[in-house]
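Q: The structure that follows is given in the form of structure tokens.
Chains as they are written, first to last, in the numbering used here: chain A, -11 to 1091; chain B, 119 to 460.
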């Protein structure tokens, strides 16, 4: 095992350098020690653990703290008071703020204020005057993964300071005294005091006490070895005490050998200290090793010396000098103490023993938690198998020195059932899941040939195209009020490629990757409550949801899904530890999600209520909610700001919802809302194949008795699900009247994780909640009105989970039986939830996956598949065989205006607009396209005089090309045609003008409506020849056609079997109107109001 | 008294420790105590299993059984002493030596990885905790006690295991040295063969079976010891007693052995024991020139000692009888008295 060793070393003269020089050879016998060169802060890469020797001197230890900041490790705390060190690291590096922060951390706001005083020079440096009141050890303790100290005193202070990691008290090792002659120093007895001569070593008190001793024992001498602190005035003090020069012997700083020699000459050594910084005295250790009894202050480490080797004098008080003098006399008269000192040092401070204890501590620090984890896992698995909450075992494990203190959650990490997975790192598996899913989803998405969810797909693709081309989010040139995140992503292929089919393919590839990336947050979310292998299974489940089929559509769901799971992960981590940063992260994700889909508003509410849910689950301590102040504060402030902004703009506050602002206008009713809520919950249950749904209910109901991580997960999952389902259901009750599973499938991984967590915790089945959950999950699907929900394009696009039942109804059983089949299925699944024995538990997720597969199959292969829907859309829109026929003809940079005449099929506008970048604007002649509220278009009318197309404002269409169906001919040259769809592309000389126009025939038919109008621009006089016939079965009594062509009306009768040619002379403008009577709706699926067959119309100009 | 004797069991293996536990149970029963052997299968690898297996013992409840209290628990070997009981006495045969003296040797189990190092520390910590709870610890030899002290700082009283109840007797001092031991390398029977090769007058009988037999017989063949070195294989109790009764002395010199029955058995047959200075446990009772001969672990020294015995049969008798006086004190009565007094 390799240890990176950070310490000052000789030639540095500090006590800690001496300490390490002593310890290192012995430690190297036991461990592979890599001594880090002083000043280098990067530990050797292959070190298993790093050990940092930290004392109070910034020059000697500053770099070691820097290294500790880079990599946490075991700290050897030689002093508890680190104020001088911290001052050096902060003020000494011109970082006063850091000093203030350290002071505030230590002593709150008063500490900070005091720090200001120091920085401004109004308060004397605290590290000089009263460091012991502000030890400032917090940061070092925070970063320590283990702590080695030399005394119980420092151990206790570290614990008081909030350190709760592993801690070892290891005595200071003792030097073997060198073989030196005692120095020839007079004195009987001779007392020695070594080290700096100053007040904190209590030299003034010592001098005074010694003066008294000397009066009784004239032969006594005091040997003072060490540098005198500036301003101490030793000579003056000696004089004032009336001590003669002979009494006190002075030596300045001495080399090691001389030190030993002088010490050996002493009868006793005095090592006083007040205040103590928690330090251990190398002098005292040396003296004891030489068999010299000690006189020490009764503080810190010194107080822990046994009485038989040291006489202790508590510092302070009027009688300190008296007590000190008595101690000196006593120690001089106790030769037995010297022998005891030697024994004690050999027993307690033996270098080998100390090194062994270091090795034990470092080995434990390096590998202990790993071993703990493995043992705990095995034991916990056994406990779980026997139905015990594994966490209860932790205290007993701790008793045997195993495991952490056993209280915290997450004590049982690591792989369980899927231990074989452990051979490869997690990123490998996760990467594999994302990669495989991306490839599969892309291959499936490629089968989709054209956008078909209209106009949604067009909204996002148009916005993306605009962002790529102009940098603005516009639709058909008008401001788009939709989420910008997904269009911004889609803009990338629009920017990169010119050909729209290429763009479309790349967009679906991006979708496949985005959707598949959901596995990553799903894994980390699952990892909060699951073992590694199971969490990977959860990640895989997240990408086998049938809703991943949306990767084949240009819908915001693709971006919202992975982002939502990131939000759920952030929410859980915020509940675990509500730091301000985590709370802000949750809110930031809410904003990003809102910019993706406005429905994220519900998630803000979820974030706000999740702490309440957790408090409820944990039954209380609302005090804890105070920790969420940033969350509530920022949301309140942000909400107010949005409202003020909208009001200041003169809008309703709901305008912030963009195009969905209408949803904020109310008008929701209780009963429909409730009904649709029920439908949504039931459909979610069914789409999840019952088991995960039941599991989440049980998990939430029993969360109180579960581990904290699961409680948190339950709180997050239940709030997110509740608000999202409520929001979507209420919206659906008023605006769409369909089950919008499309807006809810994001929640499914939460349910899947709940199922796996329930299984992993041994399937707890408390009777009441299990029965309630099982019954609810089994019976809810019966509430669904299948006859109305199955079928139609909206259920095709929005309710993926019902596809298998739709399939079953249409191909197998029929309308009446399908609810029965659904309920039988859900009852079967609920029965598995109730009764499946534990050893078969892995079958439960397998059943769910099988259900997903059963959903996927019709989704991909049946005629109501996404693929067939897209073929249908393309077929209705373009039949040239070449989706880019317009761009191919005129180039994608050209300006093409599409004109909707309300004849023909809207898809012929939409698909051409999507696949051809040259189609930039859409106009309508009278009736708007469906979905016009989302896709702005310009209304135009025909100027009766000139045939010029004009908007209500009088503007003309100035594009060089116009796309229009063949009901209206324009003045210009047809340059391309979609013959089967009846679409013609004209090159015109702007402004665009109509040539002829025929209104009032049913699309793709000769049948007329009641009124027919023929119009030709720039034309006067002549005749209109119209070939008509009737239908004897519809009109057995014949019909009448009235024609008005500027003059008196002309009346033609049409007998039942007659084919007739009407010749209508035109006076003035070429504008003829026909009215057919009677008309009839034939029924039998044809609801058109039919007039007569207008077989052919010819204009003959006057000669 | 209701007593539970706790010993681990390695399934399908049976050795001295298992015999020891059975003997203890039998002897206690003979003294009309209500005794049962409590055992749990033991597997000490890989890795952390050593701890989880120790754990099993920790989970046992031996404070009472079927409504009646168990007054005493006697545990023998790692990890059986992890069992909890207010009146737990340990008669220590073995700690988990891989974590202590065998660590970093060929026989060790823990690698230099951080995980293994920490695991070893935890085993030691577990031993400290589990043994520290015992009311008294008896060690079967000084060696075991010393190791216990060094590894855990706990003190143990020495209490050897009494020898098996054979028909011990002395029928003379014939010219052969007897080796009674399992035939494996650590028992150093090859040294005795080499000594016979060096001293043409030396005859030896090697009783016992083991994995090293083929190698040892090879040595004997190569050195031309035919007729002077006899391998008996496994022998019956009667045959063993007879061999003890007739031999000149008994060779018993494993490396750093914890305890051994052989010296006691030799002594009860009034035979001196030949052993070596690094033999560990046997040195507790085999003292040079007092109860046997203790030599440096070298062939020539051993050959010389054998020759000396051959030439001093009277001395051999004196040494053997001195040994008998020691061995006679090691009886089940005295051991059980000490155990129950705890």
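Note that CB positions come from ideal geometry on N, CA and C, so glycine has one too.
From which residue to which residue does the alpha helix (DSSP H) around residue 450 of chain B run?
A: It spans 450 to 459 - the alpha helix (DSSP H) in which residue 450 of chain B sits, taken as one unbroken run.
Q: On the three-state DSSP scale, how would you describe residue 1019 of chain A?
A: Of the three classes helix, strand and coil, the one that applies to residue 1019 of chain A here is coil, per DSSP.
Q: Find the residues of chain B that neighbour residue 157 of chain A, judging by a C-beta separation of less than 9 Å, and give them in chain order.
A: Those do not exist, as residue 157 of chain A stays about 15 Å from chain B at its closest Cβ, beyond 9 Å.
Q: Using a Cβ cut-off of 7 Å (strictly closer), state whether residue 270 of chain B contacts chain A.
A: no
Q: Could you work out which residues of chain A lie near residue 422 of chain B, taking near to mean beta carbons separated by less than 7 Å?
A: Close partners of residue 422 of chain B in chain A (Cβ separation under 7 Å) are lacking, with about 38 Å as the shortest Cβ gap.
Q: Whole angstroms is fine: what's the gap from residue 895 of chain A's alpha carbon to residue 431 of chain A's?
A: 25 Å
Q: If we ignore side chains and look at the alpha-carbon of each, how far apart do residue 491 of chain A and residue 541 of chain A end up?
A: 13 Å
Q: Which chain B residues are close to residue 356 of chain A, counting only those with a beta carbon under 8 Å from its beta carbon?
A: 236, 239, 240
Q: Tell me which residue opens and which closes the beta strand (DSSP E) that residue 182 of chain A is part of.
A: Per DSSP, residue 182 of chain A belongs to the beta strand (DSSP E) from 178 to 182.
Q: Residue 369 of chain A touches chain B at which residues, Cβ-Cβ below 8 Å?
A: Per Cβ cutoff of 8 Å: no residues; residue 369 of chain A is ~10 Å from chain B at best.
Q: What runs of the beta strand (DSSP E), each 3 residues or longer, lie entirely inside the region 0 to 54 of chain A?
A: 20 to 23, 37 to 42
Q: Measure from the C-beta of residue 289 of chain B to each C-beta in chain A and report whether the shortest distance is under 7 Å.
A: no
Q: Buried or exposed for residue 68 of chain A, please, with buried defined as at least 16 other CB atoms from any protein chain shown within 10 angstroms of its CB.
A: buried
Q: How long is the line joining the alpha carbons of residue 955 of chain A and residue 790 of chain A, rounded to whole angstroms?
A: 41 Å
Q: Does any C-beta atom of chain B lie closer than 7 Å to the C-beta of residue -9 of chain A?
A: no
Q: If we count the other Cβ atoms within 10 Å of its Cβ and call it buried at 16 or more, is residue 1013 of chain A buried or exposed?
A: exposed
Q: Would you call residue 808 of chain A buried or exposed, if buried means 16 or more other Cβ atoms sit within 10 Å of its Cβ?
A: exposed
Q: Using a Cβ-Cβ distance cut-off of 7 Å, determine whether residue 296 of chain A contacts chain B.
A: no
Q: Comparing alpha-carbon positions, which option in B:312, B:400, B:409 lies nearest residue 436 of chain B?
A: B:409
Q: Assuming residue 136 of chain A and residue 62 of chain A make a contact with CB atoms under 8 Å, what is their CB distance in whole Å?
A: 6 Å
Q: Measuring CB atoms only, is the region 188 to 196 of chain A touching the region 217 to 228 of chain A, in the sense that at least three cross pairs come out at less than 8 Å?
A: yes
Q: Hey, out of A:27, A:-10, A:47, A:261, whose CA is closest to residue 2 of chain A's CA?
A: A:47
Q: Is the CB of residue -6 of chain A under 7 Å away from at least one CB in chain B?
A: no
Q: Check whether the Cβ atoms of residue 277 of chain A and residue 162 of chain A lie closer than 7 Å to each other.
A: Contact: yes.
Q: Go through its chain and collect everything with a Cβ distance to residue 435 of chain A's Cβ below 6 Å, but skip five positions before and after it.
A: The beta carbon of residue 435 of chain A lies closer than 6 Å to those of 855 in the same chain, with the five residues before and after it left out.
Q: Which of the three DSSP states is assigned to residue 1041 of chain A in this structure?
A: strand
Q: Give the straight-line distance between the Cα atoms of residue 331 of chain B and residue 322 of chain B, rounded to the nearest whole angstrom.
A: 15 Å
Q: Beta-carbon within less than 7 Å of residue 213 of chain B's beta-carbon, same chain only, minus the 5 sequence neighbours each way: which residues are those?
A: 196, 245, 265, 266, 269
Q: Are the Cβ atoms of residue 362 of chain B and residue 400 of chain B separated by less than 7 Å?
A: no
Q: Could you work out which residues of chain B lie near residue 37 of chain A, taking near to mean beta carbons separated by less than 9 Å?
A: 232
Q: Which chain A residues sit within Cβ distance under 7 Å of residue 251 of chain B?
A: Below the 7 Å Cβ cutoff, chain A contributes no neighbours of residue 251 of chain B, its closest Cβ being approximately 11 Å away.
Q: What residues of chain A sit near residue 165 of chain B, judged by a beta carbon separation below 9 Å?
A: 359, 362
Q: So residue 340 of chain A contacts chain B; which residues on that side make the cut at Cβ distance below 8 Å?
A: Taking the beta carbon of residue 340 of chain A as reference, no residue of chain B falls within 8 Å; the closest one sits roughly 11 Å away.
Q: Answer yes or no: does any C-beta atom of chain B fall closer than 7 Å to that of residue 400 of chain A?
A: Confidence is the limiting factor: at residue 400 of chain A the pLDDT is only 34, short of 50, which leaves the residue's position unreliable and the question unanswerable from this model.
Q: Check whether the region 349 to 366 of chain A and the region 35 to 53 of chain A touch, using three or more Cβ-Cβ pairs below 8 Å as the test.
A: yes
Q: Which residue comes first and which comes last in the beta strand (DSSP E) that contains residue 194 of chain B?
A: 190 to 195
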